[in-house]
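Written below as structure tokens is the structure these notes are about.
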Amino acid sequence: MARAHSLALTVQQLDTDSTVLVRRAVTISDTTPPTVGEMRVGVLTDNTQTTVNLPITQVRHLYLKNLDTVAKYTVVWTPTTGSQATILILDPGGAIAFWHTTTGSTYGISGLKITSDTSKTQYYELFIGG
Numbered sequence: 008m009a010r011a012h013s014l015a016l017t018v019q020q021l022d023t024d025s026t027v028l029v030r031r032a033v034t035i036s037d038t039t040p041p042t043v044g045e046m047r048v049g050v051l052t053d054n055t056q057t058t059v060n061l062p063i064t065q066v067r068h069l070y071l072k073n074l075d076t077v078a079k080y081t082v083v084w085t086p087t088t089g090s091q092a093t094i095l096i097l098d099p100g101g102a103i104a105f106w107h108t109t110t111g112s113t114y115g116i117s118g119l120k121i122t123s124d125t126s127k128t129q130y131y132e133l134f135i136g137g
């Protein structure tokens, strides 16, 4: 059976009276069938950098959401043919995603690390595919 991953979201801008100014439905689908897809909830137990175990060497699809209500997460990843870089600080409830629709030797990431700014146990939601 063929595998497929797609990312669907709605981008909406409201004014102060909650009138919709802009609404866009966005769907991004694969043109190259992926071989792996995995949704999981991850746990950070302290404020040391945690290396996320990736199920494939070239991740082309990634969705990451901070499920904590207080902690901020520093997200670091390594582009497939690049050097490790800090991407952003993910606020509580915040999310980030990227979705490559085809394969290529320079697409996606080969490493992912997350660090919390608090030492308590926190959770994140993660989809990895490619």
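Read left to right, the sequence shown gives residues 8 to 137 (the numbering used here). Even glycine gets a Cβ: it sits at the ideal position worked out from N, Cα and C. All figures in this text were calculated on a predicted structure; none of them were measured in a lab.
Euclidean distance between Cα positions of residue i and residue j
i: Ala-32; j: Gln-20; result: 12 Å
i: Thr-122; j: Gly-111; result: 29 Å
i: Asp-22; j: Val-29; result: 10 Å
i: Leu-97; j: Ile-135; result: 17 Å
i: Gln-129; j: Asn-60; result: 17 Å
i: Thr-17; j: Thr-34; result: 9 Å
i: Gly-49; j: Asp-75; result: 11 Å
i: Gln-91; j: Ile-116; result: 9 Å
i: Val-66; j: His-12; result: 12 Å
i: Gly-101; j: Asn-73; result: 6 Å
i: Tyr-131; j: Thr-85; result: 19 Å
i: Pro-99; j: Thr-81; result: 11 Å
Where the beta strand (DSSP E) containing residue i begins and where it ends
i: Glu-101; result: For the record, residue 101 in the displayed sequence is Gly; it is not Glu. Gly-101 -> no beta strand (DSSP E), and no H or E assigned at all.
i: Ser-13; result: 13-21
i: Ser-117; result: 116-123
i: Leu-133; result: 129-136
Own chain residues within Cβ distance below 6 Å of residue i, not counting five before or after
i: Lys-120; result: Gln-56, Thr-58, Val-83
i: Tyr-70; result: Ala-104, Phe-134
i: Ala-15; result: Thr-34
Close-in-space but distant-in-sequence residues of the same chain around residue i (CB under 7 Å, 5 per side omitted)
i: Asn-54; result: Thr-122, Ser-123, Asp-124, Thr-125, Ser-126
i: Met-46; result: Phe-134
i: Thr-64; result: Ser-117
i: Pro-62; result: Val-43, Glu-45, Ile-135
Closer than 7 Å: residue i CB and nearest the ligand HEM heavy atom
i: Thr-52; result: Absence of the ligand HEM is noted for the structure shown, with no ligands found whatsoever.
### Message
Assess contact between the stretch 95-109 and the stretch 42-61, defined as three or more Cβ pairs (one per stretch) separated by less than 8 Å. Is contact present?
### Response
no
#### Entry: Sequence ranges, beta strand (DSSP E) only - wholly within the stretch 13-100, length at least 3
13-21, 27-36, 44-51, 68-73, 80-86, 92-97
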